[in-house]
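Mind the numbering: the sequence shown is residues 29 to 275 in the working numbering, read in order.
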Amino acid sequence: MNSTGLVRPLDLNRLPGVHAVVSTAEGRSAERPLAGNLSYRVGDDPAQVRKNRDALFALIGATEDVLATPDQVHSASIRWVDQPGRHEECDGLMTRTPGLALGVTIADCVPVLLADPVRGVVAAVHAGWRGSAERIVQKAVAEMVSTAGSDPHEIRAYIGHAAGACCYEVGGEVADRFHDGVRHVRQGRIFLDLKAENRNQLLAGGLRESHITLGPECTICSPRLHSYRRDGARSGRMMAVILRRER
Ligand SMILES: [Zn+2]
């Protein structure tokens with residue numbers, strides 16, 4: 029992480045032509061609850077949001093103009109895209125278009141960035157509990173295999189910071205959608221490990237264990253991360269972004 033609180037997942041960034049970055053809320057305090065916020069929709073000063081976004085895109089040698097985002101409706105839909113802008117009714121994007129940045133907005137849900145350096149495919153997926161229950165990440169891998177001819181053994185994945193099993197309490201109706209291995213019961217309360225769930229789906233999709241990296245922090249209990257669960261609708265938002273350049 030550098031001084032602006034931007035994290036560059038090493039395993040992705042050392043692939044030829046792949047640039048990936050995940051933001052944090054570095055500098056967040058009672059006086060600056062929205063530090064590092066990247067959303068124009070939470071009441072933050074737009075000039076400050078722009079500045080935060082510029083810093084993020086500068087790190088990957090791009091600008092906000094090349095950003096494509098899914099509209100994040102808690103679905104399990106993934107789309108192939110070749111244009112920037114907001115793409116409707118989906119929670120994951122994938123592309124083979126060099127120079128197009130794919131980004132998902134996060135504040136507790138799991139961001140997963142994928143790259144196949146052989147086929148030149150990158151993907152960004154937003155996996156909340158609904159998307160995770162419907163196995164959106166495993167679907168993304170299957171789509172890379174069936175459409176782009178990816179070999180799952182070549183795909184690298186970064187699972188970014190999200191609500192952790194330490195804090196992410198869910199009700200029985202949500203917990204019932206998941207296997208025991210990712211549900212933790214403590215004093216009669218159920219906590220879900222969504223990062224582990226998504227890692228399991230990547231393994232089920234054929235990825236090598238050594239090709240999957242997990243961001244260790246929990247958004248809810250780390251003061252340097254934004255959390256919707258902790259701070260409510262006006263919480264800041266972070267982003268996970270990936271792009272590939274022509275070699
Ligand atoms: Zn926690």
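Quick reminder that beta carbons are idealized off the backbone N, C-alpha and C, glycines included.
With fewer than 16 other beta carbons inside 10 angstroms of its own, residue 86 counts as exposed. Looking at 196, 244, 82 and 150, the one whose alpha-carbon comes closest to that of residue 187 is 244.
Counting the other Cβ atoms within 10 Å of the Cβ of residue 101 gives fewer than 16, which makes it exposed. Note that the stretch 265–272 touches the stretch 130–139; at least 3 beta-carbon pairs, one per stretch, sit closer than 8 Å. Sorted by chain position, residues whose beta-carbon lies closer than 5 Å to a non-hydrogen atom of ligand 1 are 192, 194, 195, 246, 248 and 249.
Among the bridge pairs identified by DSSP, residue 267 is matched with 133. Between the C-alpha atoms of residue 263 and residue 254 there is a straight-line separation of about 6 Å. Contact check for residue 146 and residue 179: beta-carbon distance about 7 Å, within the 8 Å limit, so the pair qualifies. Residue pairing by DSSP puts residue 241 in a beta bridge opposite 186. Per DSSP, reduced to three states, the secondary structure at residue 252 is coil, with no helix or strand assignment. Contact between the stretch 149–163 and the stretch 198–209 is present: three or more C-beta pairs spanning the two stretches fall below 8 Å. Here residue 197 carries a strand assignment [DSSP, helix/strand/coil]. With a cutoff of 8 Å on beta-carbon distance, residue 182 and residue 144 are scored as near each other. Counting along the chain, residue 144 sits inside the beta strand (DSSP E) bounded by residues 138–144. By the Cβ criterion, the stretch 184–201 is not in contact with the stretch 57–69, since fewer than three pairs of Cβ atoms, one from each stretch, lie closer than 8 Å.
Cα atoms of residue 109 and residue 66: separation of roughly 22 Å, rounded to the nearest angstrom. At the C-beta level, residue 106 and residue 167 come within 8 Å of one another.
Bounds of the alpha helix (DSSP H) holding residue 158 are 157–161.
Shortest Cα-Cα distance from residue 95 to any of 122, 39, 128 and 136 involves 128. Residue 260 and residue 98 have their C-alpha atoms roughly 22 Å apart.
For residue 98, the uninterrupted beta strand (DSSP E) segment begins and ends at 95–98.
In this structure, DSSP gives residue 64 a state outside helix and strand, which the three-state scheme calls coil.
The shortest CA-to-CA distance from residue 104 to any of 91, 120 and 114 is the one to 120.
With contacts defined as CB atoms closer than 8 Å, residue 136 and residue 191 qualify as a contacting pair.
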